[in-house]
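For this note's numbering, count along the sequence shown from 1 and bump the result up by 551.
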Amino acid sequence: MATRRFIPAILLFPCLAASPLLAADAASGQRIAARWCAACHMISPDQGGATTEAPGFPSIALRYSSKDLALFLASPYPRMPNMALSQPEIADLVAYIRTLGPRRDEPTPLEKDEKPPEPRRG
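Below, the structure is given as structure tokens:
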């Protein structure tokens, strides 16, 4: 007969708290960007009318990791409106920005003439 182990509820809370980050919605992030960011930032390649003083989202996606973006969006910045985004909204906005650039967490593809590294032996 298999025995069951009791898992205290306190151990499950960190998993539940992290779930909005895991379930980030890029489409929701795009709506947030259109509402809060499009007046200054170029939020999509087909957008017309953004200032030249604020970097575009594709450029931001190239320069910053998801973690750095989330930390920046959670902190006040004097040149941006006080958006007071929730953690799920920040995760959604970061997910949308990530769609505009290469995934920073994945290795870059090999160049045309570049060979993959030889496997280690012994």
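Think of the CB as a built atom: it goes at the ideal place given N, C-alpha and C, for glycine as much as any other residue.
Keep in mind it's a predicted model, so treat the numbers as computed, not measured.
Proximity test, Cβ basis, 8 Å: residue i and chain B
i           : result
alanine 584 : Protein chains in the displayed structure number just one, and chain B is not present.
As assigned by DSSP and simplified to three states, the class of residue i
i             : result
glutamine 581 : helix
proline 653   : coil
serine 617    : helix
glutamine 638 : helix
tyrosine 647  : helix
leucine 611   : What sits at residue 611 in the sequence shown is isoleucine, not leucine. It is helical.
alanine 625   : helix
arginine 586  : helix
cysteine 591  : coil
Given residue i as reference, the closest of the options once Cα atoms are compared
i             : options                           : result
arginine 630  : Ala577, Trp587 and Ile594         : Trp587
cysteine 678  : Asp597, Gln598, Tyr615 and Thr602 : Nothing in the structure corresponds to residue 678, since the chain is present only between 552 and 673.
leucine 622   : Pro606, Pro596, Val645 and Arg649 : Val645
glutamine 598 : Glu604, Ala585 and Ala605         : Ala585
Expected contact under 8 Å - CB spacing of residue i and residue j to nearest Å
i              : j             : result
alanine 577    : aspartate 619 : Going by Cβ atoms, the distance from alanine 577 to aspartate 619 rounds to 18 Å, so no, they are not a contact pair.
proline 609    : glycine 580   : Contact doesn't hold; Cβ gap of about 14 Å is too wide.
isoleucine 594 : glutamate 640 : Actually they do not touch by this definition, with Cβ atoms about 15 Å apart.
alanine 612    : arginine 649  : 6 Å
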